[in-house]
Amino acid sequence: MNDRKRVFAVGSFYHVFTKSIAGYHIFRSDDDYERMVEIMQYYVYENLPIRFSFYKRLKKDKHLKNTVDFDKLNKLVDIVAYCLMPTHIHFLLTPLKENSISIYMKNLLNSYTRYFNTKAKRNGPLWQSRFKDVLVESDEQLIHLTRYIHLNPTSSGLVEKPEDWKYSSYREYLGICDRSLCNFSKYLDINTKDYKAFVENRIDYQKELSVIKHLVLE
């Protein structure tokens with residue numbers, strides 16, 4: 002299905018997922034993860050005057066660092082939750098304008114591809130041809146989806162505790178991260194202690210599901 006035929010209802014929530022071609026590792030260092038986080042934060046705005054790569058260079062010049070006035074720009078999407086994994090990315094997004102998820106994902110993935118290809122001295126696509134998306138249909142699904150997203154690193158065996166993974170929104174939810182990429186408090190009424198218990202009570206079960214899924218796919 003082409004992006005132009007995809008309809009994203011403003012104010013609804015979507016689980017958006019994209020992965021690399023053939024399981025290619027797209028994040029190979031902390032610098033790579035940090036670059037993607039910066040790109041994610043930059044491209045939530047519409048009508049940006051310059052690419053992120055140019056903006057990043059301009060920020061180093063004190064006379065030019067205010068070239069982009071974010072206070073005067075409107076946002077395309079709100080990021081409610083996310084998790085960056087070595088070969089794929091999970092987002093929970095809500096569009097603020099018509100077609101804004103497609104625009105956001107296009108800008109985001111193209112920007113990271115340019116960065117990665119330049120760094121790795123490679124050419125060609127980095128991601129599968131299109132991202133996948135699923136509409137969230139209830140408040141219950143919404144909160145459970147945030148937990149699923151935040152448990153990806155533990156399910157995959159990357160860390161023992163979800164808060165040990167720096168490249169998801171879980172640390173923001175717990176208030177132990179200086180980064181403020183997500184706007185989850187606008188949509189979710191979360192008590193930090195209760196949410197932490199809600200997530201961590203599911204760790205072992207989600208690990209078991211991951212093992213079963215892997216065996217079935219094999």
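Take the sequence shown: its letters are residues 2 to 219, numbered as in this note's numbering.
Just so you know, even glycine gets a beta-carbon here, dropped at the ideal spot from N, CA and C.
Rounded separation between residue i and residue j - CA only
i: residue 46; j: residue 7; result: 20 Å
i: residue 48; j: residue 74; result: 7 Å
i: residue 59; j: residue 198; result: 43 Å
i: residue 169; j: residue 111; result: 21 Å
i: residue 24; j: residue 15; result: 23 Å
i: residue 134; j: residue 56; result: 29 Å
i: residue 80; j: residue 158; result: 25 Å
i: residue 32; j: residue 186; result: 28 Å
i: residue 160; j: residue 207; result: 14 Å
i: residue 115; j: residue 71; result: 23 Å
i: residue 99; j: residue 34; result: 29 Å
Start-to-end residues for the beta strand (DSSP E) that takes in residue i
i: residue 121; result: Per DSSP, residue 121 belongs to no beta strand (DSSP E); it is in the alpha helix (DSSP H), 101-121.
i: residue 79; result: 78-85
i: residue 34; result: Residue 34 -> not in any beta strand (DSSP E); alpha helix (DSSP H) instead, spanning 31-43.
Close Cβ partners of residue i (< 6 Å) along its chain, the five nearest in sequence each way excluded
i: residue 43; result: 53
i: residue 155; result: 163 and 204
i: residue 9; result: 96 and 102
i: residue 84; result: 91, 150, 153 and 169
i: residue 184; result: 79
i: residue 145; result: none
Limits of the alpha helix (DSSP H) - the one that residue i falls within
i: residue 137; result: It is not in any alpha helix (DSSP H) - residue 137 instead sits in the beta strand (DSSP E) that spans 133-137.
i: residue 154; result: 153-156
i: residue 55; result: 53-59
i: residue 200; result: 193-201
i: residue 90; result: Taken as a continuous stretch (DSSP letters only), residue 90 belongs to no alpha helix (DSSP H), being part of the beta strand (DSSP E) at 89-96.
Residues near residue i in its chain [Cβ-Cβ closer than 7 Å; skip 5 each side]
i: residue 30; result: none
i: residue 12; result: 95
i: residue 78; result: 45, 94, 95, 96, 97, 101, 102 and 105
i: residue 132; result: 17, 18, 19 and 106
i: residue 136; result: 13 and 15
i: residue 148; result: 199, 200 and 203
Proximity test, residue i beta-carbon vs the ligand FAD heavy atom, cut-off 7 Å
i: residue 156; result: This structure does not include the ligand FAD; it has no bound ligands of any sort.
8 Å Cβ cutoff, residue i in contact with chain D
i: residue 175; result: Judged by its chain identifiers, the structure shown contains no chain D, having just a single protein chain.
Supposed close pair residue i, residue j - CB separation, criterion 8 Å
i: residue 117; j: residue 51; result: In fact, because the Cβ distance is near 20 Å, the residues do not count as touching under 8 Å.
**Study point:** Cβ pair count under 8 Å reaching 3, the region 80-91 against the region 14-28
**Key:** yes
Review point. Pairing CB atoms from the region 165-176 with CB atoms from the region 189-197, are three or more of them under 8 Å?
Key: yes
Review point. Just checking, does the region 28-43 make contact with the region 127-138 on the three C-beta pairs under 8 Å criterion?
Key: no
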